[in-house]
Amino acid sequence: MDIHLHPLIELCIWVAFILGGFICITNFSLPVRYYLKVWRKQPQGPNVSPIPILGSLTVYLTLKALGSAPLVTMLGASLSVKVLGIVLIAIDMGGIHWMIFAIVLQLLREIRKRLVR
Amino acid sequence: MAVHTSRSNLMPPGPPLLQVHYRRSLSGMIAGVAFILVVGGGLALLRAGAEVPQPVQWVAWSILALMLYGILVGVRQLMTPPLMFIANNEGIVTYYLSDHNTYTGTGALIPWANISSIALERRRGVTSSGKMADVWVIACTLNANAEFDVEKHSSGYLASDAQRVICLDAFTGTIRREELLDRLRLLWQDKVIRERI
């Protein structure tokens, strides 16, 4: 389904893209800051994302919509927007991909523990 | 700390000397962010259409529906911010419930006579429930153990508080934390001195 939208609606999608990206960066910075504080032996803050899934999901949806947006194609920025979006999704540690990674890691650790016993 | 609030606070008898409400700015921010994400995400989902796999669409529409509810809650709290706590002739009544991070119900009374000190504290550390606390609180130290479950009504509760220290969230929408401390101290001193006379 391809709907031609008003420029204002295009703007709304851009704002959502930026906000989603901000959530992704926040989710990335939390564990980084946490482990930096552990390394420096300072009191730690939270290391778990307060807003999981939402950041990468919003970036993914807006990325799909912005791929064919007139402004993006006009400026020839389609590739850079896509790369930026993929990077944001990749670093979102509250995203579904990191959750799956964490579950698999925990499973492997558990299996290893049982094998060692 | 994400705090959900409810408007079902019940006022105790007697005129309140001080009423402290939940901050509107936070409710507004939550509603605003949710609104942008719902509008932007919804339009993006409509525009992207078939490019997005069906299961992702279901998940996205479900999340958007939940966020729509979040907007309604945020707007409701913006219009009528719930009471966090009040001070009256008998003491301080806190409406905080730590189980669900809400301000609701009949509240818990901390009698003036049972308070030995009131101080402003910045709490950092892991609470007994395993949550990370990094908040400014008004810590009320008691002369004797409280008659209610302190952990249930204390903001940023630490295991060392036991039943003797109850904390009120100092980040309110009514007054600044230093002013709040001064007002509560004045009321407490006034009440304790009057009782002694």
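Sequence order for the protein chains is A and B. Quick note: the first sequence uses the working numbering, first residue 83, plus one each step. Quick note: the second sequence uses the working numbering, first residue 63, plus one each step. Don't be surprised by glycine CBs; every beta carbon is placed ideally from N, CA and C. From a predicted model like this one, the values you see are computed outputs, not experimental measurements.
Item                                                                                                                    : Value
Spatial distance of threonine 164/B from isoleucine 178/A (CA atoms)                                                    : 28 Å
Pair within 9 Å by beta-carbon distance, tyrosine 158/B and aspartate 231/B                                             : yes
Cβ-based burial, glutamate 92/A [other Cβ within 10 Å; buried from 16]                                                  : buried
Residues of the segment 181-196 of chain A with Cβ closer than 7 Å to any Cβ of chain B, in chain order                 : none
Tyrosine 84/B, enclosing beta strand (DSSP E) - first and last residue                                                  : Element bounds for tyrosine 84/B: n/a, residue is neither H nor E.
Residues of the segment 224-245 of chain B whose Cβ lies closer than 7 Å to any Cβ of chain A, in chain order           : none
Cβ-based burial, proline 144/B [other Cβ within 10 Å; buried from 16]                                                   : buried
Which residues DSSP lists as bridging isoleucine 172/B, in chain order                                                  : Ile154/B
contact_flag[the segment 127-147 of chain A, the segment 165-178 of chain A] where n(CB pairs < 8 Å) is 3 or more       : yes
Cβ neighbours of alanine 149/B in the same chain (closer than 6 Å, five flanking residues each side left out)           : Leu79, Leu80, Leu249
Expected contact under 8 Å - CB spacing of leucine 107/B and alanine 122/B to nearest Å                                 : 6 Å
Proximity test, alanine 172/A beta-carbon vs the ligand ATP heavy atom, cut-off 8 Å                                     : Of the ligands one can find in the structure shown there are none, so the ligand ATP has no counterpart to examine.
Proximal residues of chain B, C-beta to C-beta of isoleucine 171/A below 8 Å                                            : Residues of chain B passing the Cβ test: none, with the nearest at roughly 13 Å.
Residue-chain proximity (glutamate 152/B, chain E), Cβ-Cβ < 9 Å                                                         : Absent from the structure: chain E. Protein chains present are A and B.
Length of the line joining the Cα atoms of alanine 181/B and phenylalanine 183/A                                        : 45 Å
Local conformation of alanine 167/B per DSSP, three classes                                                             : For clarity, residue 167/B is glycine in the given sequence; the question names alanine instead. If DSSP states are grouped into helix, strand and coil, glycine 167/B belongs with the strands.
Chain B within 9 Å of glycine 102/A, Cβ atoms only                                                                      : yes
Chain-ordered residues of the segment 91-111 of chain B with a beta carbon less than 8 Å from chain A                   : Val95, Ile98, Leu99, Val101, Gly102, Gly103, Leu105, Ala106, Leu107, Leu108, Arg109, Ala110, Gly111
Min CB distance valine 142/A to chain B below 9 Å                                                                       : The residue asked about is misnamed: residue 142/A is tyrosine in this sequence, not valine. Chain B contact via Cβ: present.
Min CB distance isoleucine 125/B to chain A below 9 Å                                                                   : yes
Test: valine 137/B CB closer than 9 Å to a CB of chain A                                                                : no
Any C-beta of chain B under 9 Å from that of isoleucine 95/A                                                            : yes
Meets three-Cβ-pair contact criterion under 8 Å: the segment 188-197 of chain A and the segment 92-107 of chain B       : no
DSSP three-state assignment for serine 179/B, whether helix, strand or coil                                             : strand
Neighbour list for glutamate 113/B in chain A, Cβ cutoff strictly below 7 Å                                             : Lys146
Short CB-CB distance (under 9 Å) between isoleucine 135/A and chain B                                                   : yes
Own chain residues within Cβ distance below 6 Å of glycine 218/B, not counting five before or after                     : Arg185, Ala195, Val197, Val199, Cys229
Cutoff 9 Å: leucine 166/A Cβ touching any chain B Cβ                                                                    : no
Buried versus exposed, by CB contacts within 10 Å (16 or more), aspartate 223/B                                         : buried
Beta-carbon proximity list for serine 179/B, same chain, < 6 Å, skipping 5 on both sides                                : Thr203
One or two residues paired with isoleucine 200/B in a DSSP bridge                                                       : Leu182/B, Leu230/B
6 Å Cβ shell around arginine 86/B - same chain, five flanking residues per side excluded                                : Leu140, Pro143, Gly235
Every unbroken alpha helix (DSSP H) within the segment 82-133 of chain B, with a cutoff of 4 residues, ordered by chain : 86-110
Neighbour list for leucine 118/A in chain B, Cβ cutoff strictly below 9 Å                                               : Correct list: empty, because the minimum Cβ distance to chain B is about 16 Å.
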